[in-house]
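Position 268 (the sequence shown) corresponds to 268 in full-length UniProt numbering; numbering is contiguous. For reference, the structure discussed in these notes is given below.
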Amino acid sequence: MLDRLFLGEEIETVNVGNKKVGLVLAPTFMRLPLHCGALEYWREHLRKPDVIIGASAGALAGISMLPWTETNSKAVMETIKNLKNREIFTMPWTISAPASVIALFPTSLFINILKKKSVDAMCKSTKLDFLTSALETLLFWGMGVFLIKEFLYSKSIFSNKPLENLLRNKLDFKAIGRSDILFEAIVADMKSGNEIVFSNKTNTLRELLQGVVLSARLPGRFGAPYNEDLKRGDGAILGHAPIHRAVKHGCDVIFLLMYTPEKETFDKPPRNWIEDMSRAAEITENKLTNLMIYNYCRDRETNPSLPELVIIRSKKKIKPIDLAHFSQKDLIEGMNTGYRIIEENHEMIESFIGTK
């Protein structure tokens, strides 16, 4: 639900050309290339926003485009175009190593059988062969028990450390620090259920990087970076639309970049437990977002001083992209789609914020 503390604030109305503009970037990985394409069109043809707020993939796209220069945009587009899932997440060695041992054991056993060639030869094996086989069996079962323990009790089965390294190597931190755009990344407090805000105006660049990585931490999939407990997680679980943050900063008009149609449907059911978990979260977040939008519009009817809320959606169904399976073609298509959606809404957007 929206933060009612901020909804009651009086906001001064100004002329169209002087309106304070806020962009709220909705989360989920499929929107990452959409956001980058949309922000690129916005940079090229529309007035620079005053505020950009995002959670999860929205925070990743927001901080990447924050320098708001052609040089930076080209670099970001190239990085997104060539993005690989191994640059986003990896499996910790405590899981990958035992899994490799277990996967190799049947092969090793089969080779041993071939080498013996017959049951009689196996029966005549030396004590050393017997000892070797026994040790292999113990190692197999030991790794199996260890792997089960890791799956049940570890912080996660994947790590997003590669994502942190990618951002650290690719982001233009000097330009981000000098940017006149207020940027915020929303992170969920996994103990209290409240939100934690990281900003380029109140946090150091090191803290901001930490906040963006935490905002993209999918609970259950990615463990906590920076050697901390699982006390902070993906801002997306608080809902797709942190509209109240833009309200707090005195925006006169807020653009919520959703892209997906209001009544979103899926072509196929989930194929495995990971997709099942992701689909459940996405459906829940979409329902919560629609409820937040409805409540905001209802509040604005009784309090017209609240900022205008403009939701940017596609008229056509958006092709879904899964974090575990995506191609360069998917990413390029996503960037082109985001660019096209803002282009199609150019005149409408200018009617709210004026010309560049």
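Ideal placement from N, C-alpha and C gives every residue a C-beta, glycine not left out. Since the structure is predicted, the reported quantities are computational estimates derived from the model, not experimental observations.
Less than 8 Å between the beta carbons of Thr260 and Arg313, yes or no?
Yes, they are a contact pair.
Could you check what DSSP says for Thr337 in three-state terms: helix, strand or coil?
In the structure shown, Thr337 sits in a helix (DSSP, three-state: H, G or I).
Do the CB positions of Tyr339 and Ala75 come within less than 8 Å of each other?
No, the Cβ-Cβ distance between Tyr339 and Ala75 is not below 8 Å.
DSSP state of Arg271 mapped onto helix, strand, coil:
Coil at Arg271, not helix or strand.
Just verifying my parser: in three-state terms, what is the DSSP assignment at Met258?
It is a strand residue.
If distances are taken between C-alpha atoms only, which option among Thr79, Gly193, Met190, Pro242 comes closest to Lys170?
Residue Thr79 is the option with its Cα nearest to Lys170.
Assuming Ser73 is part of the alpha helix (DSSP H), what are its boundary residues?
That run of the alpha helix (DSSP H) goes 70-81.
Could you give the distance in angstroms between the alpha-carbon of Asp60 and the alpha-carbon of Leu32?
The displayed chain sequence assigns Leu, not Asp, to residue 60. As the crow flies, the alpha-carbon of Leu60 is around 7 Å from that of Leu32.
Local conformation of Phe173 per DSSP, three classes:
Here Phe173 sits in helix by DSSP.
Spatially closest choice to Thr204 from Ser56, Asn18, Arg178, by CA coordinates:
Minimum Cα distance to Thr204 is reached at Arg178.
Whole beta strand (DSSP E) elements within the stretch 16-64, 3-residue minimum
Within the stretch 16-64, the beta strand (DSSP E) runs of at least 3 residues that lie entirely inside it are, in chain order, 21-25, 51-55.
Please list, in chain order, all residues of the same chain as Asp276 whose beta carbon is under 8 Å from its beta carbon, the five residues on each side excluded.
Excluding the 5 residues flanking it on each side, Asp276 has same chain C-beta neighbours closer than 8 Å at Pro270, in chain order.
Take Asp172 as the anchor and find which of Asp330, Thr69, Asn82, Ile321 has the nearest alpha-carbon.
Taking only the C-alpha atoms, the option nearest Asp172 is Thr69.
As assigned by DSSP and simplified to three states, the class of His244
In the three-state reduction of the DSSP assignment, His244 falls in the helix class, which pools H, G and I.
Taking its Cβ as the centre, do 16 or more other Cβ atoms sit within 10 Å of Lys20, making it buried, or is it exposed?
Burial call: buried.
Beta-carbon separation of Ile52 and Val212 under 8 Å?
No.
Can you tell me the Cβ-Cβ gap for Ala26 and Leu257, rounded? I've got them flagged as a contact below 8 Å.
Contact between Ala26 and Leu257 holds: CB atoms are separated by about 6 Å, below the 8 Å threshold.
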